[in-house]
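Input: a single structure, listed below in structure tokens.
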Amino acid sequence: MTISLPAGSPMAAANFIFGVGTSSFQIEGAAQSRQPSIWDTFCNQPGAILDGSDGTMACDHVARWQEDVELIAALGVNAYRLSISWPRVVQRDGSANTAGIQWYIQLLDKLAEHNIKAFVTLYHWDLPQHLEDAGGWLNRQTAYAFRDYVDLVTQAFGQRVYSYATLNEPMCSAYLGYDIGMHAPGIKDKAAGISAAHHLLLAHGLAMPVLRKNSPDALNGIVLNLSPCYPASNSAADQLAARTANDRLFAWYLRPLLEGAYPDLLATLAQAEQPPILPGDLDIIRQPIDYLGINYYTRAVYRAPDNNTDSAVDCDRGFVEVPPAAHISRPAPLTDMGWEVYPQGLTDLLVSLQQNYTLPPVYIAENGAAIADTLEDGQINDPQRTAYLQSHLLAVDAAMQQGVDIRGYFCWSLMDNFEWSLGYQKRFGIVYVDFKSQQRIMKASALAYRDMIQRRTAQG
Ligand code: FCB
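In terms of the working numbering, the sequence shown opens at residue 101 and continues consecutively.
Spelled out as structure tokens, the structure:
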């Protein structure tokens with residue numbers, strides 16, 4: 101099975117970026133050479149991680165980084181999206197961990213030797229534990245600590261980085277981490293989720309001028325996870341639920357970042373749930389950004405809560421997500437995450453963002469599928485993943501044909517890795533990792549992605 105771009109696609113242009121992505125905690129291992137992070141602590145909580153695993157070894161990338169850069173180069177991609185582990189580069193007292201910084205510098209230099217652009221995310225969820233001990237994202241000071249860390253690390257990196265993202269998916273940090281408690285630090289409190297979101301947005305706003313100062317030639321922006329929200333039925337109640345979910349989970353970030361205002365839903369929150377906004381905060385948050393990174397995996401379908409059967413928390417929130425099995429009338433493919441394969445949602449999302457916001461250029465910073473891969477005769481045949489990538493590239497192409505300015509696409513992920521609360525059970529890589537031997541093997545989808553990129557280069 102191959103991947104191909106439609107004839108005349110703007111994605112065939114040589115300056116359209118094709119990349120692969122990873123994040124620090126998910127691949128690095130070498131936990132002993134950095135400060136503990138909230139994910140180390142969370143992994144130690146009984147029952148928090150499906151398979152009881154943790155990130156101490158992960159893909160052993162800190163030791164195997166050279167082999168991994170060769171692998172990225174062999175894919176022929178123009179770009180690699182990685183994240184910096186804050187606890188690896190900063191000590192408890194806020195001073196630099198020189199060994200950690202040097203490790204990243206040699207990696208960045210090796211990428212440059214291969215002409216691979218570095219897309220660096222500064223926060224992909226691994227907050228230093230000692231900052232969590234002081235309140236984490238519930239403490240406004242964490243936003244200032246983030247700014248200082250960004251200043252330190254971006255000065256050290258000099259001009260080696262093509263693009264910075266301040267945060268990856270602040271919604272997941274805030275909502276999954278502090279509201280529903282599915283992710284580190286595992287807090288279950290709606291008001292905490294709203295407060296964390298505000299401090300994360302503030303951290304972004306404080307870091308942007310630092311990035312412009314230290315790395316003026318880089319593309320500096322942020323990466324959000326966005327799903328188009330569909331009502332489970334045409335009823336007014338379900339439509340309201342879908343709008344409420346969109347406002348709480350997605351517009352809650354987009355509007356402050358792009359327009360300097362929270363959605364109107366803000367006014368409906370109880371006093372105790374209001375975000376801790378100080379005068380001037382929204383001006384700090386609304387910074388010019390060079391690009392918006394968007395992570396897309398699937399659509400989301402919502403229904404109104406039922407006062408008789410749903411929990412008080414759901415009723416108060418105003419929306420309940422409907423799992424695909426309950427809303428798909430005809431059989432549709434699901435990934436190993438149980439997520440519906442719905443490429444049309446990506447086109448719908450991009451076109452609606454274009455209609456509703458003044459958008460900067462867009463990069464699809466993550467897109468991919470978890471499949472229950474099996475190794476047979478030394479090979480991994482994963483046609484479902486290849487089909488997923490193909491259909492989503494067509495969805496990106498369709499949005500570009502409708503005028504959305506999309507500059508690049510990153511497949512998640514370079515290799516199988518630690519999939520957060522699901523541990524090592526979900527394989528998102530286009531490269532297979534045998535976690536016992538740490539052997540890497542390109543899956544058929546990696547070969548298809550590589551061949552598509554190679555054909556484009558040959559034609560260009
Ligand atoms: C995103 C995360 C990424 C990975 C994918 C599957 O939410 O940014 O680290 O876990 O989901």
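Note that the Cβ used here is the ideal one computed from N, Cα and C, for glycine as well.
* Which class does A472 belong to by DSSP, given the choice of helix, strand or coil? -> coil
* **Nearest candidate by alpha-carbon position, reference S545, set R555, T221 and T486** => T486
* Given a threshold of 16 other Cβ atoms within 10 Å of its Cβ, counted over all protein chains shown, does G147 qualify as buried or as exposed? -> Within a 10 Å sphere around the beta-carbon of G147 sit fewer than 16 other beta-carbons, which makes this residue exposed.
* **Straight-line gap, S195 to L252 (C-alpha atoms, nearest Å)** => 8 Å
* **Beta-carbon contacts of E128 that lie in its chain and below 7 Å, excluding the five residues immediately before and after** => A158, H161, V162 and S185
* Compute every distance between the C-beta of C159 and the non-hydrogen atoms of the ligand FCB, then say whether any falls below 7 Å. => no
* Boundaries of the alpha helix (DSSP H) in which Y244 is found, first to last residue -> Q241 to F257
* On a CA-only basis, which of T447, A361, S429 and D436 is nearest Y396? Give me that one, please. => T447
* **G121 - DSSP class collapsed to helix/strand/coil** => strand
* Where G393 falls: helix, strand or coil (DSSP) -> strand
* Asked: Counting Cβ pairs closer than 8 Å, one from the region 227-241 and one from the region 253-269, do we hit at least three?
  -> no
* Let me know the beta strand (DSSP E) ranges lying completely inside the region 364-449, each 3 residues or longer, listed in chain order. => DSSP runs (the beta strand (DSSP E)) wholly in the region 364-449: 391-395 and 400-403.
* Asked: Considering Q539, what are the terminal residues of the alpha helix (DSSP H) in which it resides?
  -> Here Q539 belongs to no alpha helix (DSSP H); instead the beta strand (DSSP E) covers Q539 to M542.
* Asked: Is Q484 near the ligand FCB, with its Cβ less than 7 Å from a heavy atom?
  -> Checking every heavy atom of the ligand FCB against the Cβ of Q484, none is found closer than 7 Å.
* Between which two residues does the alpha helix (DSSP H) harbouring C511 extend? -> That residue, C511, is in no alpha helix (DSSP H); its beta strand (DSSP E) goes I506 to W512.
* Is it the case that the CB of C272 approaches a heavy atom of the ligand FCB more closely than 7 Å? -> Indeed, a heavy atom of the ligand FCB lies less than 7 Å from the Cβ.
* So, using beta-carbon positions, are V261 and S315 closer together than 8 Å? -> Yes, the Cβ-Cβ distance between V261 and S315 is below 8 Å.
* Taking 7 Å as the line, does the beta carbon of N467 fall inside it for any heavy atom of the ligand FCB? -> no
* **Neighbourhood of F219 by C-beta, 6 Å cutoff - its chain only, sequence neighbours within 5 removed** => Once the five neighbours on either side are set aside, the close Cβ partners of F219 are A179, R181 and S263.
* Closer than 8 Å by C-beta to G468: which residues in its own chain qualify, once you throw out the five before and the five after it? Chain order, please. => So the qualifying residues of the chain are Y397, R485, Y488, L489, C511, W512, S513, F528 and I530.
* To do: Kindly list the residues whose CB is nearer than 8 Å to the CB of D347, restricted to its own chain and excluding five residues on each side of it in sequence; keep chain order.
  => P363, D364 and L365
* Identified DSSP bridge partners for L324 -> Beta-bridge pairing links L324 to I394.
* **Segment contact, 8 Å Cβ cut-off, at least three pairs: the region 305-315 with the region 262-277** => Yes, they touch.
* **Touching by the beta-carbon criterion (3+ pairs, under 8 Å), the region 349-362 and the region 457-477** => yes
* Asked: To which residues does DSSP link D464 through a beta bridge?
  -> One detail in the question is off: residue 464 reads as Ile in this sequence, not Asp. I394 and Y509, per the DSSP bridge assignment.
* Label H214 either buried or exposed according to how many other C-beta atoms from any shown protein chain fall within 10 Å of its C-beta, with 16 as the threshold for buried. => exposed
* Who are the near neighbours of A199 in its chain, counting only those whose CB is closer than 8 Å to its CB and skipping five residues on each side? -> S133
* Would the region 299-307 and the region 383-390 be scored as touching if the rule is three or more Cβ pairs under 8 Å? -> yes
* Return the chain-ordered ranges of every beta strand (DSSP E) run that is complete within the region 251-321 and spans a minimum of 3 residues. => Segments of the beta strand (DSSP E) lying fully in the region 251-321: 263-268.
* Residues that M515 bridges to, as DSSP identifies them -> V531
* **Same chain, Cβ closer than 7 Å to A243, neighbours up to 5 away in sequence not counted** => H299, L302, A303 and L306
* To do: Go ahead and pull the three-state DSSP assignment for V177.
  => coil
* Is any heavy atom of the ligand FCB found at a distance shorter than 7 Å from the C-beta of E359? -> Because no heavy atom of the ligand FCB lies under 7 Å away, the Cβ of E359 does not count as near it: no.
* Asked: Would you call the CB atoms of I117 and G360 closer than 8 Å?
  -> Against a cut-off of 8 Å, the Cβ pair of G360 and I117 comes out as no contact.
* Asked: Is F528 near the ligand FCB, with its Cβ less than 7 Å from a heavy atom?
  -> yes
* Asked: What's the C-alpha gap between L547 and W439?
  -> Distance between the alpha carbons of L547 and W439: 24 Å.
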